[in-house]
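Here the structure comes first, spelled out in structure tokens, and everything after it is commentary.
Numbering (the numbering used here), first residue to last: 310 to 452.
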């Protein structure tokens with residue numbers, strides 16, 4: 310079976326749907342009609358995310374598990390590592406209110422999640438920089 314052709318057609322259909330919704334939003338006006346164009350584009354985005362998640366699950370878990378069952382163990386270890394990093398970011402997040410903020414009150418959970426996402430951003434940025442430096446060092450020492 311030609312999986313490449315199926316994937317190309319699916320991508321073409323998703324692209325066409327995205328273009329149609331975008332043109333609809335610009336034609337009707339994003340601020341008119343009760344924000345219906347914005348809602349439609351958001352629903353289209355949700356559908357794209359769902360299709361992506363299903364494709365990854367099918368490709369990685371099902372097909373990868375059939376071809377190499379040991380890859381599922383590596384996948385599980387990777388998910389545990391990701392969960393551990395998110396847990397550390399959550400534990401380190403203080404969840405304190407913003408200094409000088411005079412707007413509507415924000416819940417403690419929202420503050421905690423905001424700080425967690427900031428911590429994750431810092432961790433990922435530091436990890437990217439560390440991996441670049443280590444990669445350059447390994448390349449320099451191998452030559």
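Idealized CB from N, CA, C, for every residue including glycine. Treat the numbers as computed from the prediction; the structure is a model and nothing was measured.
Just to confirm, is the Cβ distance from residue 350 to residue 368 under 8 Å?
no
Could you give the DSSP three-state label for residue 402: helix, strand or coil?
coil
Mapping the DSSP letters down to three states, classify residue 392 as helix, strand or coil.
helix
By the three-class DSSP mapping on this structure, what secondary structure does residue 411 have?
coil
In whole angstroms, what separates the C-alpha of residue 450 from that of residue 433?
Take the alpha-carbon of residue 450 and the one of residue 433: they are about 25 Å apart.
Residue from 389, 411, 424 with nearest C-alpha to residue 405
424
Reduced DSSP category for residue 416 - H, G, I as helix; E, B as strand; rest coil
Three-state result, residue 416: coil.
For the pair the stretch 376-391 and the stretch 410-419, tell me if three or more CB-CB distances fall below 8 Å.
Look at the beta carbons and you see the stretch 376-391 not touching the stretch 410-419: under three pairs across the two are nearer than 8 Å.
Between residue 429 and residue 395, how many whole angstroms is the CB-CB distance? I'm expecting something under 8 Å.
At roughly 7 Å, the Cβ-Cβ gap stays under 8 Å, so residue 429 and residue 395 are in contact.
If you follow the alpha helix (DSSP H) that residue 375 is part of, which residue opens it and which one closes it?
373-376
Quick one: using the 10 Å Cβ neighbour count with 16 as the cut-off for buried, is residue 407 buried or exposed?
exposed
Do you know how far the Cα of residue 360 is from the Cα of residue 318?
Rounded to whole angstroms, residue 318 to residue 360 spans 14 Å at the Cα level.
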